[in-house]
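Participant: First residue of the sequence shown? That's 756 in my numbering, and the numbers climb one at a time after it. For every residue, glycine included, the Cβ atom is placed at its ideal position computed from N, Cα and C.
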Amino acid sequence: MGKMYVVLDDRGRVLIPSEIRKLLGLRGGSKLAVRVEAGRIILEKQPPRTKKVRAGRRWGREAFLDAGEATFAD
Numbered sequence: 756m757g758k759m760y761v762v763l764d765d766r767g768r769v770l771i772p773s774e775i776r777k778l779l780g781l782r783g784g785s786k787l788a789v790r791v792e793a794g795r796i797i798l799e800k801q802p803p804r805t806k807k808v809r810a811g812r813r814w815g816r817e818a819f820l821d822a823g824e825a826t827f828a829d
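Structure follows, in structure tokens:
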């Protein structure tokens, strides 16, 4: 993909071209990290959050104990 130019509006907003949004899977509300590096503004797509597994829910505590016993059993 070649270089594209965008315009900064009077409120400091930049519109990311639809081609780039589609390529990166960005939608309204997507979070981006922004930083300045060597005089450039860098925007990076935030990776999706991982989900935590809670004991006693879908995976019971017993499943983890059994796996531990199978690994470390005498």
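Less than 8 Å separating the beta-carbons of Leu753 and Lys800?
Facilitator: The structure shown has nothing for residue 753, since the chain only spans 756 to 829.
Participant: Can you list, in chain order, the residues of its chain whose CB lies under 6 Å from that of Leu798, leaving out five sequence neighbours each side?
Facilitator: Here residue 798 is taken as the residue at index 43 of the sequence shown, counted from 1. Leu787 and Val789, listed in sequence order.
Participant: What are the uninterrupted segments assigned as alpha helix (DSSP H) that are 4 or more residues long and contained completely in the segment 761–815, given in chain order?
Facilitator: 773–779
Participant: Out of curiosity, what's the CA-to-CA distance linking Gly757 and Gly780?
Facilitator: Locating residue 757 in the sequence shown gives position 2, where the first residue counts as 1. Locating residue 780 in the sequence shown gives position 25, where the first residue counts as 1. Near 18 Å, if we compare the C-alpha coordinates of Gly780 and Gly757.
Participant: Taking C-alpha atoms, which residue in Leu778, Glu792, Ile796 and Lys777 lies nearest to Val769?
Facilitator: Locating residue 769 in the sequence shown gives position 14, counting from the first residue. When each option's Cα is compared against that of Val769, the closest is Ile796.
Participant: Could you check which residue in Pro772, Val791 and Ala793 has the C-alpha nearest to that of Gly783?
Facilitator: Position 28 of the sequence shown, counted from the first residue, corresponds to residue 783. Among Pro772, Val791 and Ala793, the Cα nearest to that of Gly783 is on Pro772.
Participant: Roughly how many whole angstroms lie between the Cα atoms of Ser803 and Asp765?
Facilitator: Taking the first residue of the sequence shown as position 1, residue 803 is located at position 48. Taking the first residue of the sequence shown as position 1, residue 765 is located at position 10. Ser is not the amino acid found at residue 803; the sequence shown has Pro there. Each residue's Cα considered, the two are about 31 Å apart.
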